[in-house]
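Colleague: Pasting a structure below so you can have a look.
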Amino acid sequence: MTNRTRTLTAAVLGAGAIPGIADAHLVNTGFGPFYDGISHLFVTAPDILVVVALGLLAGLRGPTTGRTTLAVVIVAWTVGGLTGLALAPPVVWAAATTVTFLALGAALAVDREVPTGVVAALGLGVGLLHGFLNGAEAATSGIGLVGLAGSLSALAVMATLITALAVTWAQGWTRIVVRVAGSWITAIGILMLGWLFRPGA
Amino acid sequence: MISRGLSTTCRAAAACVVVVAALALPASALGHELDPGFLQVTESEPGVYAITFKVPTAGGRRMPLQPMFPVGCSETSPMTSRPSGTGFLERWQISCDGSLLGETIRIGGLERTYTDVMIRVELAEEEPLSYIVQSVDPSVIVGGEGQGSQGALAYAWLGFEHILLGIDHLLFVLGLLLIVQNRWMLVKTVTSFTVAHSITLAIATLGFASAPAAPLNAAIALSILFLGPEIVRVWRGETSLTIQHPWVVAFAFGLLHGFGFASGLTTIGLPSGEIPLALLLFNVGVELGQLVFVVVILALERAFRVLEIYWPRWAEMFPGYAVGSLGAFWTIQRTWMLLGG
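Taken in sequence, the protein lines are chains A and B. Start counting at 1 in the first sequence, then tack on 850, and there's your number in the numbering used here. Start counting at 1 in the second sequence, then tack on 71, and there's your number in the numbering used here.
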């Protein structure tokens, strides 16, 4: 790793560690906290993008990596969510959640062969971090355990569908489509980081 | 689902989603008690408005909803209130300093509920205006753009909401999905359920027939309970009329469920001129909600096969027990309520 790369990596990781003020992305659907929790995943860009990026990344590596990562991320998200719900810290760590999907998008675009354990470990980290923040938001917004259950249900369904889609698209030209999706996710992450650290923000 | 071999892959997850939803939804959603309210505001002469407010009940009590009109409006006749169907019908008259056009009408207390209120405003020399307000934004600006779900869309939204909150309807559909053996049978079953509930939805909305809420809800619960043992028969490789011809059962019980869907429309007391359009769009909303549910379950089934996820035996059996147990619970609960418990 060159000095320049190290500096860039440190800057990105350092930026990710900066906690922001709580800014819950909760939509009152009018259907109750369970559906509010479901909608939360779809209206929180870092959450839905990290699920898409991780699902595609795991799915491209085949069914074994796909289902292993799926199981790990769902369990980690649940553990993180319950912890966040219990502790309810008033932070969102927006930069950190942006960095996670940016990094996963980049890994997807690069498409290097990585072992199942590495992808599953990424799923573990992503699940714990995003789950923790989801749980914290559920606590501070008042939707509580029921809302978190909705959020987890949406996560499980979306992650399963996306991972399976990537498995079926792992061969031929569709693999390129998935990699392009990774580059778009990275681009969105860079834009979001730029927005978060714009002058005067 | 679809075939015995395929169904084992998604039964557990599908049932988990539904059971979590069933447990997570407010208790009032389980008994079709989330009927919408309806506020009719009719300008009888300049500045004078006749108000009709149909207030739904929750747990047998009038929901604490109250229309709030702009400053400058005051009651000019005392309110009359009487029970009407599953709610209360209230009428009174107000007088306002000017037209309500451009003014805000708010439903006080709505933000603490999960129900909707349809607001219909008929101003002199203006086209009638319809809105749906929800807890998230319980007010509308009369004649304003982008106010909640408006006009025709409001009815479709009502239907969509009714099926998504009607967890018992979804559980019945899931039970059917677990019984059907192939894709053609799936198409026939879902279609016959759709046709059947559309028939009774139309009959009830047009006023040709009605079903009292308490026995209807008990019968709907019984229809879910009925599917539990049939799912067990499928596991055991046995056969029955339901397994051979699930579309027959879907049609028969679909007639019951249609009366249940109708409560979402009939309780708001539609103006006669709007009934055909409202009926059509409400049904479109119901079908869209049902379609989303079926597509998600089928997509999950396909995903589990692609990912080569195989469930343990207890997980395979869980959905059947979930359908049967919840059906039994609701049957007992609703029968108890029917008997005055």
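The C-beta atom is built at its ideal place from N, Cα and C for all residues, glycine as well.
Take the Cβ of residue 1003(A) as the centre, count every other Cβ of all protein chains shown within 10 Å, and call the residue buried at 16 or more, exposed below.
Modeller: It is buried - the Cβ of residue 1003(A) has at least 16 other Cβ atoms within 10 Å.
Colleague: Quick check on this structure: which residue in 298(B), 324(B) and 311(B) has the alpha carbon closest to the alpha carbon of residue 270(B)?
Modeller: Among 298(B), 324(B) and 311(B), the Cα nearest to that of residue 270(B) is on 324(B).
Colleague: Verify the CB distance criterion: does residue 379(B) have a CB-CB separation below 8 Å to chain A?
Modeller: Yes, residue 379(B) lies at the interface with chain A (some Cβ there is under 8 Å from its Cβ).
Colleague: Can residue 195(B) and residue 247(B) be called in contact, C-beta distance under 8 Å?
Modeller: Going by C-beta atoms, residue 195(B) is not nearer than 8 Å to residue 247(B).
Colleague: May I have a chain-ordered list of the alpha helix (DSSP H) segments no shorter than 4 residues that lie completely inside the region 984–1037 of chain A?
Modeller: Counting only runs of 4 or more, we get 994–1018.
Colleague: Applying a beta-carbon distance threshold of less than 8 Å, which residues of chain B neighbour residue 917(A)?
Modeller: Here the neighbours are 378, 379 and 380.
Colleague: Please report whether the beta-carbon of residue 1011(A) lies at a distance below 8 Å from any beta-carbon of chain D.
Modeller: The structure shown contains no chain D; its protein chains are A and B.
Colleague: Which bits of chain A does residue 371(B) rub up against, with CB to CB less than 8 Å?
Modeller: Neighbours of residue 371(B) on chain A, chain order: 1007, 1010 and 1011.
Colleague: Would the region 345–354 of chain B and the region 879–897 of chain A be scored as touching if the rule is three or more Cβ pairs under 8 Å?
Modeller: Segments in contact, no.
Colleague: Could you tell me whether the Cβ of residue 386(B) comes closer than 8 Å to any Cβ of chain A?
Modeller: No, its Cβ sits nowhere closer than 8 Å to a Cβ of chain A.
Colleague: Closest Cβ-Cβ distance between residue 815(A) and chain B: below 8 Å?
Modeller: The structure shown does not extend to residue 815(A), since chain A spans only 851 to 1051, so no value can be given for it.
Colleague: Does the separation of the CB atoms of residue 896(A) and residue 951(A) fall below 8 Å?
Modeller: Yes, Cβ-Cβ distance for residue 896(A) and residue 951(A) is below 8 Å.
Colleague: From 373(B), 319(B) and 327(B), pick the residue whose C-alpha is nearest to that of residue 262(B); which is it?
Modeller: Comparing Cα-Cα distances from residue 262(B) to each of 373(B), 319(B) and 327(B), the minimum goes to 319(B).
Colleague: With DSSP run on the structure shown, which of helix, strand or coil describes residue 301(B)?
Modeller: In this structure, residue 301(B) counts as helix in the three-state DSSP scheme.
Colleague: Going residue by residue through the region 191–255 of chain B, where are the continuous beta strand (DSSP E) segments of at least 3 residues, counting only ones entirely within it?
Modeller: You should have 200–204 and 210–212.
Colleague: Judging by CA-CA distance, which residue of 256(B), 291(B) and 276(B) is the nearest neighbour of residue 313(B)?
Modeller: Out of 256(B), 291(B) and 276(B), 256(B) has the C-alpha closest to the C-alpha of residue 313(B).
Colleague: Note down the Cα distance separating residue 378(B) from residue 910(A), rounded to an integer number of angstroms.
Modeller: The alpha-carbon atoms of residue 378(B) and residue 910(A) are separated by roughly 11 Å.
Colleague: Around the Cβ of residue 381(B), are there at least 16 other Cβ atoms within 10 angstroms (buried) or fewer (exposed)?
Modeller: With fewer than 16 other Cβ atoms within 10 Å, it is exposed.
Colleague: Would you say residue 224(B) and residue 335(B) are within 8 Å of each other, going by their C-beta atoms?
Modeller: No, the Cβ-Cβ distance between residue 224(B) and residue 335(B) is not below 8 Å.
Colleague: According to DSSP, simplified to helix, strand and coil, what is residue 885(A)?
Modeller: Helix.
Colleague: Could you check whether the Cβ of residue 367(B) sits closer than 8 Å to any Cβ belonging to chain A?
Modeller: Judged by the 8 Å Cβ criterion, residue 367(B) is in contact with chain A.
Colleague: Excluding five sequence neighbours on each side, which residues of the same chain lie with their C-beta closer than 7 Å to the C-beta of residue 265(B)?
Modeller: Around residue 265(B): 358.
Colleague: Please confirm if residue 104(B) has its CB atom under 8 Å from at least one CB of chain A.
Modeller: For residue 104(B), the predicted structure reports a pLDDT of 44, less than 50, and the residue's modelled location is therefore unreliable. A value from the coordinates is still provided. Judged by the 8 Å Cβ criterion, residue 104(B) is not in contact with chain A.
Colleague: In terms of residues, what are the limits of the beta strand (DSSP E) holding residue 344(B)?
Modeller: Segment: none, residue 344(B) is in no beta strand (DSSP E) and carries neither H nor E.
Colleague: Rounded to a whole number of angstroms, what is the C-alpha to C-alpha distance between residue 964(A) and residue 1035(A)?
Modeller: Roughly 20 Å between the two C-alpha positions.
Colleague: Quick check on DSSP: helix, strand or coil for residue 133(B)?
Modeller: Three-state result, residue 133(B): strand.
Colleague: Quick check on DSSP: helix, strand or coil for residue 291(B)?
Modeller: Correct three-state label for residue 291(B): helix.
Colleague: In chain B, what lies closer than 7 Å to residue 1017(A) by C-beta?
Modeller: Neighbours of residue 1017(A) on chain B, chain order: 377 and 378.
Colleague: So, for residue 183(B): in the same chain, excluding its five sequence neighbours on each side, which residues have a beta-carbon less than 8 Å away from its beta-carbon?
Modeller: Closer than 8 Å at the Cβ level, and outside the excluded window around residue 183(B), lie 135 and 206.
Colleague: Does any CB atom of chain B fall closer than 8 Å to the CB of residue 1014(A)?
Modeller: Closer than 8 Å to some Cβ of chain B, the Cβ of residue 1014(A) qualifies, so yes.
Colleague: Could you check whether the region 920–935 of chain A touches the region 1019–1030 of chain A, counting it as contact only if at least three pairs of C-beta atoms, one from each stretch, sit closer than 8 Å?
Modeller: Verdict: no, contact absent.
Colleague: I'd like to know whether the C-beta of residue 1031(A) is nearer than 8 Å to at least one C-beta of chain B.
Modeller: By this cut-off, residue 1031(A) is not an interface position.
Colleague: Which two residues bound the contiguous beta strand (DSSP E) that contains residue 161(B)?
Modeller: From DSSP, the beta strand (DSSP E) with residue 161(B) extends over 158–167.
Colleague: Does DSSP classify residue 122(B) as helix, strand or coil?
Modeller: It is a strand residue.
Colleague: Are the CB atoms of residue 1005(A) and residue 958(A) within a distance shorter than 8 Å?
Modeller: For residue 958(A) and residue 1005(A), no; Cβs fall outside 8 Å.
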